[in-house]
Amino acid sequence: MLVLVAGVTGNLGQKLVHSLISRGHKVRGMGRNLSKMVPEAHSLLESFIECPLFYDVAALDRACTGVDAVICAYGMHPRLQLDGQLLLLHAAERSGVKIFVAASWNHDWRNLELGKHESYDAYVSFRHQVEMTSDIKPIYVFNGIFAETLFSFADHGHFGPDQPNLWDPKEKRMKIWGTGHAVWYWTTEQDAAEFTAEILQRDDAVDGGFWNVCSGANSLIEIAEIYEQSQGRKVTLDIMGSVEDLRAKALSAREQGDKSHFERYIGWFYQLHAIDGTWTFPKLDNDKLKAKTTSLEEFWANHPEI
Numbered sequence: 001m002l003v004l005v006a007g008v009t010g011n012l013g014q015k016l017v018h019s020l021i022s023r024g025h026k027v028r029g030m031g032r033n034l035s036k037m038v039p040e041a042h043s044l045l046e047s048f049i050e051c052p053l054f055y056d057v058a059a060l061d062r063a064c065t066g067v068d069a070v071i072c073a074y075g076m077h078p079r080l081q082l083d084g085q086l087l088l089l090h091a092a093e094r095s096g097v098k099i100f101v102a103a104s105w106n107h108d109w110r111n112l113e114l115g116k117h118e119s120y121d122a123y124v125s126f127r128h129q130v131e132m133t134s135d136i137k138p139i140y141v142f143n144g145i146f147a148e149t150l151f152s153f154a155d156h157g158h159f160g161p162d163q164p165n166l167w168d169p170k171e172k173r174m175k176i177w178g179t180g181h182a183v184w185y186w187t188t189e190q191d192a193a194e195f196t197a198e199i200l201q202r203d204d205a206v207d208g209g210f211w212n213v214c215s216g217a218n219s220l221i222e223i224a225e226i227y228e229q230s231q232g233r234k235v236t237l238d239i240m241g242s243v244e245d246l247r248a249k250a251l252s253a254r255e256q257g258d259k260s261h262f263e264r265y266i267g268w269f270y271q272l273h274a275i276d277g278t279w280t281f282p283k284l285d286n287d288k289l290k291a292k293t294t295s296l297e298e299f300w301a302n303h304p305e306i
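Heads up, the sequence shown is in the UniProt record's numbering, so the first residue is 1 and it goes up one at a time.
See the structure below:
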């Protein structure tokens, strides 16, 4: 297949190139420019379509012409996730594309009502708009939190600009709300790309649907224990409060905040919904896919700075 990866210069987009090429597919890339793209990944592309504005319809049409499938790997800005993704989907419709992987790769938001988690509202709105107006049935991939975000990689996502992440790589400290025994689904960016490539090439890809996949599922206490055993370093657990303490903090931050700057408080809700059962996976689809997953030990071995 010839696959368009829209947002190809991003963290996940560049990994998707390798995962698709390794399975014998050709990849066309689309992005604002090539400044962030590693030359090696660029050299693998069938072509690159420059699209400086997400509403450049002519560029979107050029990108979608002749492809067999589209993967939207746009960033998390609401205008990209709703306005931009709808424009991309309409371009795919005009080109007769039937396989469309929607931007997702996050927690399982399929049952969320609008307003419960602002950073997912655009995803929820996109889903319902497409169901009402399009013949395309998108694929959604839910993989929990990226390992790169969980372990505080720079420029790989965060809980909020003014909020500390869970893991302090310098001090080897883990911030924990609740008992610390709630399960977190986590996935490396490379594994997410592998899962996506496997799903895309299935015979039933045109049917779309929701996929629950992950590299692993562990509590924060388990992660700390595995780290100590495999890395030989002591992890300090900072117990921040109960689930209800976190809920009160999150709701207070929302009440005092501004929805147009939801990123200033949404980090509290990421942590809350991960431990209060909101995002518990109803199933796990790993066994349906031929994708090898990465263990925590392997991930840490590849990133000794953690």
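Cβ coordinates follow ideal geometry from the N, Cα and C atoms, glycine included.
Considering only DSSP beta bridges, list what LYS26 is partnered with. LEU2
Spatial neighbours of GLU198 within its chain, please: CB distance less than 7 Å, with the 5 preceding and 5 following residues excluded, ordered by chain position. LEU289, LYS290 and ALA291
Buried or exposed for SER19, please, with buried defined as at least 16 other CB atoms from any protein chain shown within 10 angstroms of its CB. buried
Quick check: what's the CA-CA separation for LYS116 versus GLN129? 18 Å
Using alpha carbons as the reference points, say which of LYS283, MET76, LEU86 and MET30 lies closest to ALA59. MET30
Beta carbon of GLY7 nearer than 8 Å to that of GLY96: no
For GLY241, which option in LYS234, LYS249 and VAL235 has the closest C-alpha, if you only look at C-alpha atoms? LYS249
Starting from the Cα of GLN201, find the closest Cα among GLN256, ILE71, THR65 and TRP167 and give me that residue. ILE71
Leaving aside the five residues before and after LYS15 along the sequence, list all residues of the same chain whose C-beta is less than 7 Å from its C-beta, in chain order. GLU189, GLN190 and ALA193
C-alpha distance - residue 316 paired with ASN165, whole-angstrom precision: As shown, the chain starts at 1 and ends at 306. That puts residue 316 outside it, with no answer to give.
Is the beta carbon of ARG28 less than 8 Å from the beta carbon of LEU4? yes
Report the rounded CA-to-CA distance for GLY208 versus PRO39, giving the unit in angstroms. 32 Å
What residue from VAL67, ARG23, SER35 and ASN143 has the CA that sits closest to LYS283's CA? ASN143
Status (buried if at least 16 other CB within 10 Å, exposed otherwise) for residue 325: For residue 325 there is no data in the structure shown, the boundaries of the chain being 1 and 306.
Could you tell me the boundaries of the alpha helix (DSSP H) in which SER19 lies? 11-21
Please report how far the alpha carbon of LYS259 lies from the alpha carbon of ALA91, in whole angstroms. 30 Å
Expressed to the nearest angstrom, what Euclidean distance is found between the alpha-carbon atoms of ILE49 and THR133? 27 Å
Nearest by alpha-carbon distance to residue 316: which of LEU12, ARG23 and PRO52 is it? The structure shown does not extend to residue 316, since the chain spans only 1 to 306, so no value can be given for it.
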